[in-house]
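Student:
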Amino acid sequence: MKKRVNIVSVKLVKEAGIFYAARRITRPEDVADLVRDFLKDADREIFLVICLNAKNEPTAIHTVAVGTLNSVQVHPREVFKAAILANSYHVILVHNHPSGDPQPSDEDMAITRNLAEAGRIVGIPVLDHIIIGDGKFASLKTKGLI
1 MKKRVNIVSV KLVKEAGIFY AARRITRPED VADLVRDFLK DADREIFLVI CLNAKNEPTA
61 IHTVAVGTLN SVQVHPREVF KAAILANSYH VILVHNHPSG DPQPSDEDMA ITRNLAEAGR
121 IVGIPVLDHI IIGDGKFASL KTKGLI
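Its first residue numbered 1, the sequence shown is counted upward by one per residue in UniProt numbering.
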């Protein structure tokens, strides 16, 4: 008996857009400025991937996962699926802490190491992981964790 195999195509669908004054991401503050309004009223953790071209210009922002008040489950497959479809040269990871304290947890550091390793394997480096709090942020790269 023969088995049917589907022929498929994979596409990235643009859902919306935002205007961003700075053309390039050059520092963690640029990332915080880009996503602050997007995450400001969130009552749960939201994990984003910012896709960048070779000039560090943001080309796409993808919501990877929405979690609970104090956690979010993230898998490398979901992060890099969007990055690959967006033809990303680099990515920056971002998530919020609804508590307002942007200090990274042990889980934040572990997922960052895991995603950075996955990025090395697929050839899309993770430049930073930014955690957004109330009016402040933490950069895991600045803290030496990437």
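Every residue gets a Cβ at the ideal spot worked out from N, C-alpha and C, and that includes glycine. Keep in mind that this is a model prediction, so the values were computed, not measured.
1) Could you check if asparagine 70 is buried or exposed, using at least 16 other CB atoms within 10 Å of its CB as the buried criterion?
2) Between alanine 60 and aspartate 101, what straight-line distance do the alpha-carbon atoms span, to the nearest angstrom?
3) Can you give the Cα-Cα distance for arginine 24 and glutamate 57, rounded to whole angstroms?
4) Leucine 127 by DSSP, collapsed to three states: which one?
5) If the criterion is Cβ atoms closer than 8 Å, does the pair threonine 112 and leucine 140 meet it?
6) My output table needs one value for proline 28: the three-state DSSP class, helix, strand or coil.
7) Figure out for me which residue from Thr26, Thr63 and Arg36 has the closest Cα to the Cα of asparagine 53.
8) Per DSSP, histidine 62 forms a beta bridge with which residues?
9) List the whole-angstrom C-beta distance separating residue 147 from arginine 36, where the pair is believed to meet the contact cut-off of C-beta under 8 Å.
10) Give me, in chain order, the residues of the same chain whose beta-carbon lies closer than 6 Å to that of leucine 127; leave out the 5 immediate sequence neighbours on both sides.
11) Measuring only the C-alpha atoms, how far is threonine 68 from histidine 97?
12) Taking threonine 142 as the reference, which of Tyr20, Ala21, Asp43 and Glu29 has the closest Cα?
13) CA-CA distance, arginine 120 and glutamate 78?
14) If you measure between the beta carbons of valine 72 and histidine 62, is that distance less than 8 Å?
Tutor: In short, the structure shows the following:
1) So asparagine 70 counts as exposed.
2) The alpha-carbon atoms of alanine 60 and aspartate 101 are separated by roughly 26 Å.
3) Note on geometry: alpha-carbon atoms of arginine 24 and glutamate 57 lie some 4 Å from one another.
4) Residue state, collapsed to three classes: strand.
5) Yes, Cβ-Cβ distance for threonine 112 and leucine 140 is below 8 Å.
6) Helix.
7) The shortest Cα separation from asparagine 53 among Thr26, Thr63 and Arg36 belongs to Thr26.
8) BP columns for histidine 62 point to Val49.
9) With the chain covering only 1 through 146, there is no way to say anything about residue 147.
10) His90 and Ile92, listed in sequence order.
11) Taking the straight line joining both Cα atoms gives about 10 Å.
12) Selected option, being the one with the closest Cα: Glu29.
13) Spanning the two alpha carbons is a distance of roughly 16 Å.
14) Judged by beta-carbon spacing, histidine 62 lies beyond the 8 Å limit of valine 72, meaning their Cβ atoms are not closer than that value.
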